[in-house]
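**Student:**
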Amino acid sequence: MTRIIGGIAGSIKLASPAKVTRPTSDRIREAIFNRLEARTELDEITVLDLYAGTGALGLEAVSRGAAKCILVEKDSKAAVICIKNAQQVLAALEKAKLEPDVQVANKSVASFLASTNQSFDLVFIDPPYEVENQEITENLTQLIPHLAEFATVMVERSSRSGDFQIPAGLSLDSQKTYGDTEIFWLSAD
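Counting from 9, one number per residue, gives the positions in the sequence shown under our numbering.
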C-alpha cells in the first residue's frame, strides 16, 4: 500500500484505485524527495502533480512543507481517490496548525495547462507508462510558460520508453534508473 513517507503526514496510508493507477513505489519516492530536499527548500513552494494517480507525489511535497499543490488527474475514479487522499493528508496537517492549499483538477494535462495562469516551483510528470514520448514533449512545451524562476521538473518513465525530446526552455540536469523506472530531472532555463 502506498503511504506518505516523510514530513508531518508521514506514515498516512493512501488509497489507490485498483488497476487504474501505477503509484510510484515508496523506495523511488524516497529517493526523489531525498534529492529534492538536498537541493532545494520545499517550504512554501507551489507544486503541480500531472497525471497524479493517487496524488502521492504532490501530497508528499505538501507533507514536507509545500504551500500549494494542484493534482491533475483525467480519470474520474482516480480523481476521487486524489480527493480522499488529500483530505487525509490535510487533516494531519491541520492538527499541526498548517493549512496548505490542495486542489484536484479532474481534466487532461493538456486541458489544465491550456487553462491555468498559475506559476509552479516544482512539477511532477508521472504518466502511465503507455503514454507516448511525443505527449511528454508536448506537456513540457505547454508547461514552460507556467514555470517559476529556478523551477524543477521531474519526469518518471519506464526505462524501456526511450528518451523524450526536451524542448527549448528546459535543461536536463540528470537522469537515474531504478529497476524499470527512470527519473529525469529538468530545470527551467
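The beta-carbon is built from N, C-alpha and C at its ideal position, and this holds for glycine as well.
Could you tell me whether the stretch 88-100 touches the stretch 122-136, where touching means 3 or more Cβ pairs closer than 8 Å?
**Tutor:** They do not touch, by the three-pair rule.
**Student:** Using a threshold of 8 Å, state whether the C-beta atoms of Q206 and L106 are closer than that.
**Tutor:** Since the first residue shown for the chain is 9 and the last is 197, residue 206 is missing from the structure and cannot be characterised.
**Student:** Could you tell me if K76 is buried or exposed, where buried requires 16 or more neighbouring beta carbons within 10 angstroms of its beta carbon?
**Tutor:** In the sequence shown, the residue the question calls residue 76 occupies position 68. Classification for K76: buried.
**Student:** With L79 and V112 assumed to form a contact (beta carbons below 8 Å), what rounded beta-carbon distance in angstroms separates them?
**Tutor:** Translated into positions along the sequence shown, residue 79 becomes position 71. Translated into positions along the sequence shown, residue 112 becomes position 104. So it is a contact: roughly 5 Å between Cβ atoms.
**Student:** I need the straight-line Cα distance from S119 to L155, nearest angstrom please.
**Tutor:** Reading the sequence shown from its first residue, position 111 is the one you call residue 119. Reading the sequence shown from its first residue, position 147 is the one you call residue 155. Between S119 and L155, the C-alpha separation is close to 17 Å.
**Student:** If you reduce the DSSP assignment to three classes, tell me which class D34 lands in.
**Tutor:** Residue mapping note: residue 34 aligns to position 26 of the sequence shown, counting from 1. Here D34 sits in helix by DSSP.
**Student:** Out of R11, G187, M162, which has the shortest C-alpha to C-alpha gap to T62?
**Tutor:** Your numbering for residue 62 matches position 54 in the sequence shown. Out of R11, G187, M162, R11 has the C-alpha closest to the C-alpha of T62.
**Student:** Have a look at G18, A17, D181, A64 and flag the residue whose alpha-carbon is nearest the alpha-carbon of R43.
**Tutor:** Indexing the sequence shown from 1 puts residue 43 at position 35. Out of G18, A17, D181, A64, D181 has the C-alpha closest to the C-alpha of R43.
**Student:** Helix, strand or coil for Q173? Go by DSSP, reduced to three states.
**Tutor:** Taking the sequence shown and counting its residues from 1, one reaches residue 173 at position 165. The answer is coil: DSSP assigns Q173 none of H, G, I, E or B.
**Student:** Can you tell me where the beta strand (DSSP E) holding I133 begins and where it ends?
**Tutor:** For the purposes of this step, residue 133 is taken as residue 125 along the sequence shown, with counting starting at 1. Residues 128-133.
**Student:** Just to confirm before moving on: does the CB-CB distance between T32 and E164 stay below 8 Å?
**Tutor:** Within the sequence shown, the letter at position 24 stands for residue 32. Within the sequence shown, the letter at position 156 stands for residue 164. Cβ atoms of T32 and E164: closer than 8 Å.
**Student:** Can you list, in chain order, the residues of its chain with a C-beta nearer than 8 Å to that of L101? Leave out the 5 residues immediately preceding and following it.
**Tutor:** Working through the sequence shown from its first residue, we reach residue 101 at position 93. Only I16, A17, V70, S71, E107, P108 meet the Cβ criterion.
**Student:** In this structure, how does DSSP classify K92 when only helix, strand and coil are distinguished?
**Tutor:** Your numbering for residue 92 matches position 84 in the sequence shown. The answer is helix: DSSP assigns K92 an H, G or I state.
**Student:** Kindly examine the ligand PLP and report whether one of its heavy atoms sits closer than 7 Å to the Cβ of G63.
**Tutor:** The ligand PLP is not among the ligands present in this structure, which contains no ligands whatsoever.
**Student:** Among the candidates R168, G177, P135, whose CA atom is the shortest distance from the CA of G187?
**Tutor:** As a position in the sequence shown, residue 187 is number 179, starting the count at 1. Nearest option by C-alpha distance: R168.
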